[in-house]
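54 is the number that the numbering used here gives to position 54 of the sequence shown; each next residue is one higher, with no gaps. Ideal Cβ placement from N, Cα and C applies to all residues, glycine included. None of the values given here were measured: they were computed from a predicted structure. Here the structure comes first, spelled out in structure tokens, and everything after it is commentary.
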Amino acid sequence: MYKEHKKLKSPVILISIAFSILSCNKYKGDFSVINAYYSKNPLCPNYIYYEGKKLTIENIRKYRNGKLSEYIGCGSEGLYTDDFDKGGKYSKEDEAVKQLSIYRKGKKIFFFDKEYEAIKENYDTIFVKSKVDNEYLVFVGIISES
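So, in structure tokens, the structure goes:
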């Protein structure tokens with residue numbers, strides 16, 4: 001009976017450790033960050049519309065449970081994708097944003113320690129204007145209040 005108890009004890013401990021690690025991550029589900037910019041003569045054929053302006057999508061970072069899972073870049077030929085869940089390699093830029101860091105306080109959005117003001121909200125989508133001229137970030141997903 002002792003051997004059976006010991007065999008059962010190891011998987012139970014491993015499962016409880018895995019559950020503890022997963023429950024510490026405060027970001028559940030999918031979350032996307034779209035980098036876009038306004039240009040009168042865009043070169044890239046991928047757009048989103050904001051208040052009558054055609055914003056060119058520069059890239060999209062998709063997070064799954066708080067971890068960067070996919071990078072979609074836009075170029076003159078169309079889209080290209082790095083799927084990190086399927087063996088894609090993180091670039092230096094991706095390494096810096098690999099673990100999602102975002103929260104909000106009212107209209108203020110704090111994304112990787114940079115503060116942004118929400119300029120438009122629609123359900124789970126928030127538009128913010130970057131400090132750089134004509135650049136926007138679009139957050140798609142639930143952002144927790146701090």
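Original post:
Count the other CB atoms within 10 Å of the CB of I109; is the residue buried (16 or more) or exposed (fewer)?
Top reply: Here residue 109 refers to the residue found at position 109 when the sequence shown is read from its first residue. Under this definition I109 is a buried residue.
**OP:** Can you have a look at S69 and say buried or exposed, based on whether 16 or more other CB atoms are within 10 angstroms of its CB?
**Re:** The residue labelled residue 69 in the question sits at position 69 within the sequence shown. So S69 ends up on the buried side.
**OP:** Would you mind stating whether A36 and V138 have Cβ atoms separated by less than 8 Å?
**Re:** Looking up residue 36 in the sequence shown gives position 36. Looking up residue 138 in the sequence shown gives position 138. Going by C-beta atoms, A36 is nearer than 8 Å to V138.
Original post:
With respect to the alpha helix (DSSP H) encompassing D94, which residues constitute its N-terminal and C-terminal limits?
Top reply: As a working note, residue 94 is residue 94 in the sequence shown. Taken as a continuous stretch (DSSP letters only), the alpha helix (DSSP H) holding D94 covers K92 to A96.
Original post:
In the DSSP assignment, what are the bridge partners of M75?
Top reply: Taking the first residue of the sequence shown as 1, we reach residue 75 at position 75. Per the sequence shown, residue 75 should be read as Gly rather than Met. Answer by DSSP bridge pairing, in chain order: G78.
Subject >> Residue burial classification, V132 (beta-carbon count within 10 angstroms, cutoff 16) >> reply: In the sequence shown, residue 132 corresponds to position 132, counting from 1. That one is exposed.
Original post:
Beta carbon of Y32, beta carbon of I60: below 8 Å?
Top reply: Taking the first residue of the sequence shown as 1, we reach residue 32 at position 32. Taking the first residue of the sequence shown as 1, we reach residue 60 at position 60. What sits at residue 32 in the sequence shown is Ser, not Tyr. It is a contact, given that the beta carbons lie within the stated cut-off.
Original post:
If we count the other Cβ atoms within 10 Å of its Cβ and call it buried at 16 or more, is L55 buried or exposed?
Top reply: Taking the sequence shown and counting its residues from 1, the one referred to as residue 55 is at position 55. So L55 ends up on the buried side.
Subject >> Coil, strand or helix - Y89 by DSSP >> reply: The residue you call residue 89 lines up with position 89 of the sequence shown. It should be pointed out that residue 89 corresponds to Lys in this sequence rather than to Tyr. K89 falls in the coil class under three-state DSSP.
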